[in-house]
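> Residue numbers (the working numbering), protein chains in the order written: chain A, 379 to 708; chain B, 50 to 426. Where a beta carbon is used, it is the ideal one built from N, C-alpha and C, also for glycine. Quick one: this structure, given as structure tokens, is what I'll be asking you about.
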Ligand SMILES: Cc1ncc(C[n+]2csc(CCOP(=O)(O)OP(=O)(O)O)c2C)c(N)n1
Ligand SMILES: [Mg+2]
């Protein structure tokens with residue numbers, strides 16, 4: 379039974395934190411509502427009972443405060459996990475997370491590392507309005523010195539989070555409120571980790587490479603199924619981490635397919651998607667039959683209304699259109 | 050040099066009509082004319098009913114997440130009543146009652162929580178700002194609005210509302226510091242309802258009052274029974290008068306309680322004792338006003354029935370208007386992005402396709418976008 383054990387995304391996250399807290403006394407969790415309430419999204423359910431209030435800490439509503447405190451604690455050798463109820467609320471903590479954590483090692487001449495994991499919900503789709511629906515990877519991945527992981531399935535959520543906690547650098551770990559209830563097979567075993575910088579081929583195909591990460595992986599797979607019926611065979615690559623970025627996997631695939639669609643749920647301007655497209659153009663200049671097509675969110679704040687929000691986000695329909703265009707099947 | 054005391058401070062707590070129905074004649078007499086009192090009471094009842102209906106709408110899947118205002122009607126209403134209509138009212142999400150008194154249409158609030166951007170487009174003449182969801186950010190905006198009024202030589206002031214939890218955000222401290230040090234006429238009102246979702250007040254502020262935080266900034270401050278409309282009006286009149294005449298800010302801590310869950314996504318029974326909730330139910334701001342009015346001969350069961358019937362009709366019509374609105378067009382979200390829409394955004398709007406395709410609409414069947422002349426080939 380255990381080999382095919384299926385658990386929810388949120389359980390996978392909790393398992394990762396719990397296992398790492400058992401093996402490493404330096405690890406602790408802090409954030410709004412993480413202790414007594416079991417987390418606003420129940421990710422830390424039961425953790426207060428197991429680890430007590432010294433290691434599972436309810437904070438005041440002070441994102442800047444607890445992000446900054448975590449940095450200080452990390453400089454003193456601890457390994458904080460900071461939960462933002464939503465990455466949207468990390469914006470009020472921009473200085474500690476962008477101006478301090480990623481450059482503490484650099485500025486201290488290699489003395490003070492900053493092994494903090496910042497994690498929380500990212501992205502739109504839950505009709506939460508524009509201020510609650512930020513997709514921060516576009517903005518934050520621009521900053522050198524941080525690592526960024528965006529899992530798409532429960533097994534990767536666990537494996538990547540464990541890697542993040544053991545990592546010596548600050549890691550931005552982006553989850554999706556839309557996916558926390560998603561179930562999937564997660565192997566048991568304390569040492570099953572997913573390394574950073576290794577993409578995962580979610581579907582093999584010969585005609586077009588779809589490169590993406592996080593929630594849009596599922597839209598891409600849905601599109602690939604639809605396109606298969608039209609005779610277009612897509613290869614879907616889940617990058618899993620944005621920093622480091624596994625450009626090699628994408629290049630290998632594009633050399634085979636000659637066409638590429640990048641799907642990124644951040645805004646297009648200066649995004650991980652535009653970086654990826656630029657790198658593919660550079661490395662596959664002679665292999666490409668068409669320019670790299672990109673599917674992003676529309677250049678507006680996340681809309682509140684349901685129909686507009688669906689229209690705003692990347693979806694299978696848009697990916698199909700992009701693949702058809704990229705492969706001259708439009 | 051002997052050690053000497055450099056500061057001792059006292060903070061007043063104002064209560065005029067208490068939960069037991071005792072009325073302080075000295076402070077309360079003439080504060081609110083009877084005719085107004087009846088109107089204010091009716092308004093609170095309307096607001097309460099809307100709150101209950103909104104809750105039911107959410108439960109039946111007709112509304113997104115909704116934060117109930119139940120039990121906290123008095124604070125924002127007292128403020129809106131005491132302020133001038135062109136003073137700024139800068140709120141978060143538990144001030145429906147004050148906003149409605151201002152004239153903000155009830156369907157705006159419903160629309161907002163039903164997940165429709167148009168709900169936030171509150172008619173400008175009401176001098177109310179869009180509902181602030183990122184906790185604490187609105188306090189600095191209020192400070193800026195009041196500063197601008199001062200800059201332009203207007204007598205307008207700003208009043209901002211926030212919860213006890215919000216006083217943990219840096220924005221709170223920065224807004225207070227600015228207003229106090231730069232002489233900006235803002236009335237800060239903290240609705241201290243004891244909880245921030247499941248987090249009790251002492252995690253946000255371990256001092257015995259939130260009001261004393263203002264002292265550290267050199268700001269005048271007062272605490273009141275936030276469920277006592279009379280006390281709220283008394284404190285706001287004092288604060289507003291001072292802000293308008295001296296240009297200085299003022300702090301009011303309105304002690305209150307949310308009788309409902311944090312939002313419809315919450316279940317407060319998991320972290321609050323029923324006894325605590327029951328004790329606060331007995332301190333309901335509407336209940337005590339009704340008893341007081343009845344005692345004064347201003348109210349009767351017949352009037353109550355008449356009012357409730359009227360309120361039901363009004364709220365039902367509001368719901369109908371909110372639900373009846375035609376859903377927005379799929380390209381509407383490109384409106385209001387810039388004063389004038391730039392060409393690339395117009396292109397996106399007109400193709401409404403993936404960005405890659407949007408850059409080259411000639412690839413889209415039926416697209417009639419004129420491309421800028423290509424250079425080179
Ligand atoms: C910057 C930010 N952090 C966190 C949240 C999530 N959040 C929404 S309401 C709330 C509690 C607010 O408590 P309080 O200020 O006391 O207001 P109340 O809800 O009690 O009226 C929290 C933490 C948010 N909206 N914005
Ligand atoms: Mg509160």
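Ends of the beta strand (DSSP E) at residue 76(B)?
The sequence position of residue 76(B) within the second chain is 27, counting from 1. Counting along the chain, residue 76(B) falls outside any beta strand (DSSP E), though it belongs to the alpha helix (DSSP H) covering 74-77.
> Please determine whether the Cβ atom of residue 441(A) lies at a distance below 7 Å from any heavy atom of ligand 1.
On the first chain, position 63 is the one that residue 441(A) refers to. Residue 441(A) Cβ: within cutoff of ligand 1.
> Looking at the unbroken alpha helix (DSSP H) that takes in residue 270(B), where does it start and where does it end?
Here residue 270(B) corresponds to residue number 221 of the second chain, with the count starting at 1. Careful: residue 270(B) lies outside any alpha helix (DSSP H), inside the beta strand (DSSP E) at 269-274.
> Which residues of chain B have a Cβ atom closer than 7 Å to the Cβ of residue 518(A), listed in chain order?
As a first step, residue 518(A) must be located in the first chain, where it is residue number 140. Within 7 Å Cβ-Cβ: nothing; residue 518(A) doesn't reach chain B, min ~17 Å.
> I'd like the span of the alpha helix (DSSP H) that includes residue 225(B), first residue to last.
Here residue 225(B) is taken as the residue at index 176 of the second chain, counted from 1. Start and end: 219-230.
> Using a Cβ-Cβ cutoff of 9 Å, what residues of the segment 213-234 of chain B are near chain A? List them in chain order.
214, 215, 216, 217, 218, 219 and 220
> What is the DSSP secondary structure of residue 323(B), reduced to helix, strand or coil?
Position 274 of the second chain, counting from 1, holds the residue named residue 323(B). Of the three classes helix, strand and coil, the one that applies to residue 323(B) here is helix, per DSSP.
> The beta strand (DSSP E) with residue 413(A) in it runs from where to where?
The residue given as residue 413(A) occupies position 35 in the first chain. Per DSSP, residue 413(A) belongs to no beta strand (DSSP E) and is neither H nor E.
> Just to confirm, does residue 591(A) get its C-beta within under 7 Å of one of the non-hydrogen atoms of ligand 2?
Indexing the first chain from 1 puts residue 591(A) at position 213. With a cutoff of 7 Å, residue 591(A) does not count as near ligand 2, since its C-beta is closer than that to no heavy atom of the ligand.
> Using a Cβ cut-off of 7 Å, pull out every chain B residue sitting near residue 689(A), in sequence order please.
Counted from its first residue, the first chain places residue 689(A) at position 311. Chain B residues near residue 689(A): 379.
> I want to verify the contact list: residues of chain A whose CB lies under 7 Å from the CB of residue 245(B), in sequence order.
In the second chain, counting from the first residue as 1, residue 245(B) sits at position 196. Within chain A, the residues placing a beta-carbon under 7 Å from that of residue 245(B) are 439, ordered along the chain.
> In chain order, what residues place their C-beta within less than 6 Å of a heavy atom belonging to ligand 2?
Spelled out in chain order, the answer is 212(B), 213(B), 214(B), 242(B), 244(B) and 245(B).
> Just checking: is the beta-carbon of residue 667(A) within a distance shorter than 8 Å of some beta-carbon in chain B?
As a working note, residue 667(A) is residue 289 in the first chain. No, no contact with chain B.
> Taking 7 Å as the line, does the beta carbon of residue 463(A) fall inside it for any heavy atom of ligand 1?
Position 85 of the first chain, counted from the start, is the residue given in the question as residue 463(A). Yes.
> Using CA atoms only, rank isn't needed, just tell me which of 265(B), 211(B) and 267(B) is closest to residue 243(B).
By one-based count along the second chain, residue 243(B) stands at place 194. That would be 211(B), whose Cα lies nearest to the Cα of residue 243(B).
> Whose C-alpha, out of 128(B), 225(B) and 166(B), is nearest the C-alpha of residue 374(B)?
Residue 374(B) sits at position 325 when you count from the first residue of the second chain. The option with the nearest alpha carbon to residue 374(B) is 166(B).
> How would you write the range of the beta strand (DSSP E) that residue 616(A) sits in, first residue to last?
On the first chain, position 238 is the one that residue 616(A) refers to. First-last of the beta strand (DSSP E) with residue 616(A): 612-616.
> How many angstroms separate the CA atom of residue 631(A) from the CA atom of residue 366(B)?
To locate residue 631(A), count along the first chain from 1; it is residue 253. To locate residue 366(B), count along the second chain from 1; it is residue 317. For residue 631(A) and residue 366(B), the distance between alpha carbons rounds to 59 Å.
> Within this structure, are the beta carbons of residue 60(B) and residue 313(B) separated by less than 8 Å?
As a working note, residue 60(B) is residue 11 in the second chain. As a working note, residue 313(B) is residue 264 in the second chain. No. Outside cutoff.
> Give the interface partners of residue 164(B) over in chain A, defined as CB-CB distance under 7 Å, in chain order.
By 1-based counting over the second chain, the position of residue 164(B) is 115. Residues of chain A passing the Cβ test: 505, 682, 683 and 684.
> Taking three-plus beta-carbon pairs below 8 Å as touching, is the segment 481-497 of chain A in contact with the segment 622-640 of chain A?
no
> Give the range of the alpha helix (DSSP H) segment to which residue 561(A) is assigned.
Here residue 561(A) refers to the residue found at position 183 of the first chain. Careful: residue 561(A) lies outside any alpha helix (DSSP H), inside the beta strand (DSSP E) at 561-563.
> Compare the C-alpha of residue 654(A) against each of 616(A), 396(A) and 469(A) and name the closest.
Numbered from 1 along the first chain, position 276 holds the residue referred to as residue 654(A). Among 616(A), 396(A) and 469(A), the Cα nearest to that of residue 654(A) is on 616(A).
> Establish whether the CB of residue 320(B) and some CB of chain A are separated by less than 8 Å.
As a position in the second chain, residue 320(B) is number 271, starting the count at 1. So yes, residue 320(B) belongs to the interface.
> Kindly say whether residue 546(A), judged by its beta-carbon, lies nearer than 8 Å to any beta-carbon of chain B.
In the first chain, counting from the first residue as 1, residue 546(A) sits at position 168. By this cut-off, residue 546(A) is not an interface position.
> Can you pull out the residues from the segment 445-478 of chain A whose beta carbon lies closer than 8 Å to at least one beta carbon of chain B?
466, 467, 469 and 470
> Under 8 Å: do the segment 443-456 of chain A and the segment 269-279 of chain B share three or more Cβ pairs, one atom per stretch?
No, the segment 443-456 of chain A does not touch the segment 269-279 of chain B.
> At 9 Å on the CB atoms, spell out the chain B contacts of residue 533(A), in chain order.
Mapped onto the first chain, residue 533(A) falls at position 155. Neighbours of residue 533(A) in chain B, taken as residues whose beta carbon is under 9 Å from its own, are absent, since the nearest beta carbon is some 28 Å off.
> Using beta carbons (cut-off 8 Å, strictly below), is residue 676(A) in contact with chain B?
Taking the first chain and counting its residues from 1, the one referred to as residue 676(A) is at position 298. Closer than 8 Å to some Cβ of chain B, the Cβ of residue 676(A) qualifies, so yes.
> Determine the chain A residues that contact residue 171(B) at a beta-carbon separation under 7 Å, and present them in chain order.
On the second chain, position 122 is the one that residue 171(B) refers to. Those within 7 Å of residue 171(B) in chain A number zero; the least Cβ separation is about 14 Å.
> According to the neighbour-count rule (16 or more other Cβ atoms, all chains shown, within 10 Å of its Cβ), is residue 393(A) buried or exposed?
Here residue 393(A) corresponds to residue number 15 of the first chain, with the count starting at 1. Its Cβ being crowded by 16 or more others within 10 Å, residue 393(A) is buried.
> Between the Cα of residue 519(A) and those of 619(A), 407(A), 697(A) and 676(A), spot the shortest distance and give me the residue it belongs to.
Sequence index remark: in the first chain, residue 519(A) carries index 141 (1-based). The option with the nearest alpha carbon to residue 519(A) is 619(A).
> Going by other Cβ atoms of all chains shown within 10 Å of its Cβ, with 16 needed for buried, is residue 697(A) buried or exposed?
On the first chain, residue 697(A) is found 319 positions in, with the first residue counted as 1. Classification of residue 697(A): buried, given that the 10 Å Cβ count is 16 or more.
> For residue 476(A) and residue 512(A), which I take to be in contact (beta-carbon distance under 8 Å), what is that distance rounded to the nearest angstrom?
Your numbering for residue 476(A) matches position 98 in the first chain. Your numbering for residue 512(A) matches position 134 in the first chain. Not really, about 14 Å apart at Cβ, beyond 8 Å.
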